[in-house]
Every structure is written in structure tokens, then in C-alpha cells.
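Below is one structure; the comments refer to it alone.
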Amino acid sequence: MKTTFTCIVCPNGCEVEAEYEGKKVLSVKGNLCPKGEAYVTQELVDPRRTIASSVRVTGGAMPLASVRLTNAIPKDRIFDVMKEINSITLPAPVRIGDVVIPNVLGLNSDVIVTKNIDVL
Amino acid sequence: MMHKQAIIVGGGPAGLAAALRLREKGIEDILILEREKMLGGILRQCIHDGFGLTRFGESLSGPEYAQRFIDKVQEAGIECITDCTVLDISSDKIVTAASRNQGLLQIRADAVLLTMGCRERTRGALATPGTRPAGVYTAGVAQNYVNLQNIMVGHEVVILGSGDIGLIMARRMTLEGAHVKGVYEVQSYPNGLPRNIQQCLNDYNIPLHLSHTVVEIKGRERLTSVVVAACDERFRPIPGTEEEIPCDTLILSVGLIPENELSLAAGVNLDPRTRGAFVDENCQTEVPGIFAAGNVLHVHDLVDFVSLEAEALADNVAEYLKVGSLPACGLEVKAGANVGHVIPQRISGTRDFTLSLRVRQPLNGVSVVVRQGDQVILRRKMRKALPAEMIQLPIKAAKLTDNVDMEVYVE
Chain U
1 MKTTFTCIVC
11 PNGCEVEAEY
21 EGKKVLSVKG
31 NLCPKGEAYV
41 TQELVDPRRT
51 IASSVRVTGG
61 AMPLASVRLT
71 NAIPKDRIFD
81 VMKEINSITL
91 PAPVRIGDVV
101 IPNVLGLNSD
111 VIVTKNIDVL
Chain C
121 MMHKQAIIVG
131 GGPAGLAAAL
141 RLREKGIEDI
151 LILEREKMLG
161 GILRQCIHDG
171 FGLTRFGESL
181 SGPEYAQRFI
191 DKVQEAGIEC
201 ITDCTVLDIS
211 SDKIVTAASR
221 NQGLLQIRAD
231 AVLLTMGCRE
241 RTRGALATPG
251 TRPAGVYTAG
261 VAQNYVNLQN
271 IMVGHEVVIL
281 GSGDIGLIMA
291 RRMTLEGAHV
301 KGVYEVQSYP
311 NGLPRNIQQC
321 LNDYNIPLHL
331 SHTVVEIKGR
341 ERLTSVVVAA
351 CDERFRPIPG
361 TEEEIPCDTL
371 ILSVGLIPEN
381 ELSLAAGVNL
391 DPRTRGAFVD
401 ENCQTEVPGI
411 FAAGNVLHVH
421 DLVDFVSLEA
431 EALADNVAEY
441 LKVGSLPACG
451 LEVKAGANVG
461 HVIPQRISGT
471 RDFTLSLRVR
481 QPLNGVSVVV
491 RQGDQVILRR
501 KMRKALPAEM
511 IQLPIKAAKL
521 TDNVDMEVYV
531 E
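If you're matching them up, the sequences are chains U and C in order.
If you number the first sequence the way this note's numbering does, the last residue is 120 and the count never jumps.
If you number the second sequence the way this note's numbering does, the last residue is 531 and the count never jumps.
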């Protein structure tokens, strides 16, 4: 099988032409760096993504603190993780790097705060 | 009258990076004026990751990227006034600003740095026929509501235009439970980065309809539907292809315009192609002592490059403040075949500089050629060149002459 993948690792967005059998990559071309090959290999076996969202903050200068994942999670678990994130409300203040949910759903990724919110 | 060596208009990524570099270069007397209550500019609402890969080697969200600069600006004790709107800049560099805390300010500056960023094209610019219901937003306004103010803008969503912010909002709205019915792009190619087509649309099965546009907006109080149609190569809707799509929200991602009202007031001339200032290799506008960098100069696709451009600008401002002037830039840089625009538009021919350009349409297997007369200065082969991606080329002074204009084209 031959498929062209758009690598999402960096803004270069390489169009990686991959030849593969089942889930085994035979050859890749078009990638500017080794990350392109790693991306395609991962994408065939177990596609993963990071997501960013926000959580409610009470008593803060802003009503929301943005959050993101520290590691990519399986693509088909994105909406399960969104449900976890949406259940959270934090009291102000919050700081960049605060861990909101450690190891969310056992997926080896933390939900961390990405914005400082001071007390109102 | 109050006096500052350097006034920076806008505390977003360009202004913050410029302020820090100026301080590193020994310029002490700096003032940042910011319209919003907080520093950081548009990055405050760009909560997705992917920022800083070039600069920090890691994938940060917008607020994290901004905070790294804000922390340093505060550590350095650089003076900032937030919640302060600059009303006027005169050609002799008197800046007039209004702030709730400090009232009306008039400050004379030795150098003014224009780092105001850009704003979005709106429905008015498209002249889309129909009613004027609630539910029509530009992508950045929708992003502000959803990411900063905790206001969900709608549930059944159509997106017009395939700019990166529209793609990012397609994903964001989907994650928040909305149904994004499709993205419609009048051009025959996407306007956003390929990785965003993949991770924001394809990943969530959101269809992208190229060569399509919205031809009518319907609804009285609230948007109830839009009519879309296929377009020919001159962007004219093709009769008979209309389709009505029920929706309560239309998000527009149809381009960004450098925000240059203050630049014009200062007598700065704008390039109709970039809609930003004409600048020389020092990022100096045609008004001596007034400089511009970042999205106010030309719209960038990556913030990492905004920071770099602002730092290069600050190096030149520091030299201007110490020496009193910069070398004359008598040579023109012309945008030739297939090139939409170039920055800078003037050079001295005696110094290194970074050339930025965008191609007019998607091209495969091409070379970007930089030449002075018969002399080829640089030839860069590219497997693909997209209008969505800014191309930057370092040009070395050693290869240049100081008496022939430069031309940049793609063949």
C-alpha cells in the first residue's frame, strides 16, 4: 500500500510518501527529518494527538485557564479526555505548569495549566 | 514633555521581543504601550500548542510562549503601561496615548517601534448578501469568546475561508461539542498550513470544500442558514450549484490585515501588497526613527519568526539610537514573477539581511532566485512553495553590490 501522510510534527508539514504492508512501513520519502518517518510509523500503528482546552476558574481575574496535555494520547480517546477536562473547576490563583489531572485516564499524559490567572 | 529613547506600540510577541533585545543592547529608557489589560497580544487566546518549536525546541501553547517573554520583560524592569490606547503618532515622533490610570499622555521618543499586529477581514470586506443576524463571527472573535470569556458561540457551524485561525477554531468548536459542518474556501487551494488541514479538519472528519463560497446569509434574530455555491476560477459563483445549509453560526477566516492607522498618521507609506509599511533592511520605515516588525509589517504564519524579526529590528534601533542614523538604503528590492511581496523593499547592498517573501500560488519543483542585474545572489530550490508559508532567505553582504537594484522571482 502507498499513502501520502501530512506530517504534523512541525510547521514544515512534510508530505511523506509511505509504502507499507499492513502496519509495517517499508519505505518513506519526502520527509525533511527522521521525525517524519517516526510520525508515519506511529500513525499506522497507533495514531496519537495532543489537545488543548480550558478549565473554569473561580475567583480569578479571568473565568478560564487554558490547559494542554504533556504527551500525545490515542486519537480515539480525545473526547474521553475532553470529558475529564470539562469536569474540572480550579480556584484562583493558578500558575503555568500546575498539574490539573495527573496521568489522565491512565494514558501517561498530564493535563497542565498553560496560563497564569491571578486572584481577582 | 515626557521623553523616552524608545516607545514600543503594542505589547504582543513583536513588542515584547523587541523590548528585551533593546535592553540587552544597553537601551535603558524603554516604554511599552499596550491597549489590552494584559501583555501578550493575540497569543493570550491561542491556547493550542505548536508555538516555539523553532525558538525553544518544544511545543508550547500561545499563553506559555508569551509568558516566557513577559517574565523576562518584568525581570528586566522594562516599563509597560497596559489598558492604554495610542491615539496618534506624529512624524516627529510624539506619541499621544490615553489610559484610565494616567489620563492623556504625550511623550516624545527618539525611536518609535510599530508592533501593533494585525486584525481580521470581516463580512463587510466580502460584501456577502443577506440579512444581518447574530451568529456571524470572525475566527479570532469566536476564539476570544470561547477561549477567554467562556462563551460558547454556537452549535451548528459553517466556516468560510481556510485560514489557520479558522482551521484551529474548527477543531476547538468540535472539541467543545459543536458540529462543524464544513469549511468553504473560494480559492482552489487551502489558505492554512498543511498540518492544520490534517490535525484540525481531517482528524475530525470535517470536510473542506475548495472553490466554494457563501453566497447568502439567512436569519432574522439569529443565523438560520447559509447558501453555499461552487465558484469558477475567477471566484464567481456558478448558478445552479447553490446549496442551503442550516446552521446557527458562521465563522469567517478570510484573511488578516496589518493594523496601520497609527503608521499612516505618522506619515509612513504603506506597500499595497503587504498592507504594511515600506521598510529598509533595518525595518526602518520611510520616516526616520520609526520602525516596524511583526504582523503590522507583513502577516506571518509562525510567531517564532515574529520574535526573530522583532529582535533584528531592535538591533537596528539600538544602532540608530547610539549613532543617530543608519546607513542609507538606496537600492530597491522588486517582487518579480510568482512573488506576492517582499520584505524589505529597500536595501543598502552593504549588509547582511533576511529576505521574506510569499509566492502568489501553490508551486511545485521551483527555485527562488535573488539577483542584482546579471548576478545571481542566491538560488533556493523548493520541492513545494505555498502562499500559506512565508519563505525566509538569509542574504550575505559579501555577495552583494551597492549599485544595482535587486529582483526576487520564482521560476
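Think of the CB as a built atom: it goes at the ideal place given N, C-alpha and C, for glycine as much as any other residue.
(message) Mapping the DSSP letters down to three states, classify U:Phe79 as helix, strand or coil.
(response) helix
(message) Considering only the alpha carbon of each residue, which of C:Ala259, C:Gly302, C:Gln263 and C:Lys301 lies closest to C:Gly283?
(response) C:Ala259
(request) Could you check what DSSP says for U:Leu26 in three-state terms: helix, strand or coil? (result) strand
(request) Please work out which residues of its chain come closer than 7 Å, Cβ to Cβ, to U:Arg48, disregarding the five sequence neighbours upstream and downstream, and give them in chain order. (result) Gln42, Ala72, Ile73, Pro74 and Lys75
(request) Check whether the Cβ atoms of C:Gly197 and C:Ile162 lie closer than 9 Å to each other. (result) no
(message) Which residues in chain C have a C-beta closer than 9 Å to the C-beta of U:Met1? List them in chain order.
(response) Ordered by position in chain C, no residue passes the 9 Å Cβ test against U:Met1, which lies about 18 Å from the chain.
(message) Using 9 Å as the threshold, is the C-beta distance between C:Arg220 and C:Asp203 below it?
(response) yes
(message) Once DSSP output is grouped into helix, strand and coil, what is the label at C:Ser427?
(response) helix
(request) Determine the extent of the beta strand (DSSP E) in which C:Thr216 is found, giving its start and end residues. (result) Ile214 to Ser219
(request) Just tell me which of C:Val215, C:Cys238 and C:Leu233 has its CA closest to the CA of C:Ile227. (result) C:Val215
(message) With DSSP as the reference, identify every bridge partner of C:Asp208, one or two as the case may be.
(response) C:Thr216
(request) Between the Cα of C:Gln222 and those of C:Met122, C:Ala397, C:Val374 and C:Ile371, spot the shortest distance and give me the residue it belongs to. (result) C:Met122
(request) Within the segment 482 to 513 of chain C, note down every full beta strand (DSSP E) run reaching 3 residues or more, in order along the chain. (result) 483 to 492 and 495 to 505
(request) Within the same chain, show all residues whose beta-carbon is closer than 8 Å to that of U:Arg77, passing over the 5 residues directly before and after it, in chain order. (result) Leu105 and Leu107
(message) Just to confirm the assignment, what range does the beta strand (DSSP E) spanning C:Thr294 have?
(response) No beta strand (DSSP E) contains C:Thr294, which is instead part of the alpha helix (DSSP H) from Asp284 to Leu295.
(message) Which residue wins for smallest C-alpha separation from C:Leu115, given the options C:Gln307, C:Leu295 and C:Gln269?
(response) This structure does not reach residue 115 of chain C, given that chain C is present from 121 up to 531, and the question cannot be answered.
(message) Taking the alpha helix (DSSP H) that C:Leu384 belongs to, which residues open and close that run?
(response) Glu381 to Ala385
(message) Just to confirm my understanding: we take C:Thr205, look at its own chain, exclude 5 residues before and 5 after, and list those with CB closer than 7 Å. What are they?
(response) Arg155, Ala217 and Ala218
(message) I want to verify the contact list: residues of chain C whose CB lies under 9 Å from the CB of U:Ser87, in sequence order.
(response) Ordered by position in chain C, no residue passes the 9 Å Cβ test against U:Ser87, which lies about 14 Å from the chain.
(message) Give me the DSSP bridge partner(s) of C:Asn365.
(response) The question names Asn, yet the displayed sequence has Ile at residue 365 of chain C. Bridge partners of C:Ile365: C:Val346.
(message) Only counting the same chain, and skipping five residues up and downstream in sequence, which positions put a Cβ closer than 6 Å to that of C:Ala457?
(response) Tyr529
(message) For C:Gln187, report the span of its beta strand (DSSP E) as first-last.
(response) Where C:Gln187 is concerned, there is no enclosing beta strand (DSSP E), although the alpha helix (DSSP H) it sits in stretches over Gly182 to Glu195.
(request) Give me the Cα-Cα distance between C:Met393 and C:Gly460, rounded to the nearest whole angstrom. (result) The question names Met, but residue 393 of chain C is Arg in the sequence shown. Taking the straight line from one Cα to the other gives about 7 Å.
(message) Just verifying my parser: in three-state terms, what is the DSSP assignment at U:Thr41?
(response) helix
(message) Is there a Cβ of chain C sitting closer than 9 Å to that of U:Glu15, yes or no?
(response) yes
(request) Could you name the residues of chain C that U:Ile117 contacts, counting a contact when the two beta carbons are closer than 9 Å? (result) Those do not exist, as U:Ile117 stays about 10 Å from chain C at its closest Cβ, beyond 9 Å.
(request) Alpha carbon to alpha carbon, how far is C:Leu268 from C:Arg354? Give it in angstroms, no decimals. (result) 38 Å
(message) For C:Gln492, would you say it is in contact with chain U, using Cβ-to-Cβ distances shorter than 9 Å as the test?
(response) no
(request) Tell me whether C:Cys449 counts as near the ligand ADP, meaning its Cβ is closer than 8 Å to at least one heavy atom of that ligand. (result) By its list of ligands, the structure shown contains no ligand whatsoever, and the ligand ADP lies outside what it can speak to.
(message) Since C:Gly274 and C:Asp368 should fall inside the 8 Å C-beta cutoff, what is the C-beta to C-beta distance between them, to a whole number of angstroms?
(response) 5 Å
(message) Rounded to whole angstroms, what is the Cα-Cα separation between C:Gly250 and C:His329?
(response) 21 Å
(request) Have a look at C:Leu513 and U:Asp80 and give me their C-alpha separation to the nearest angstrom. (result) 44 Å
(message) Taking the beta carbon of C:Asn523 as the centre, do at least 16 other beta carbons fall within 10 Å, making it buried, or is it exposed?
(response) exposed
(message) Considering only the alpha carbon of each residue, which of C:Ala508, C:Leu428, C:Ala413 and C:Val462 lies closest to C:Pro482?
(response) C:Ala508
(request) Spell out whether any CB of chain U is found under 9 Å from the CB atom of C:Leu483. (result) no
(request) Tell me, please, whether the CB atom of C:Pro408 is closer than 9 Å to any CB atom in chain U? (result) no
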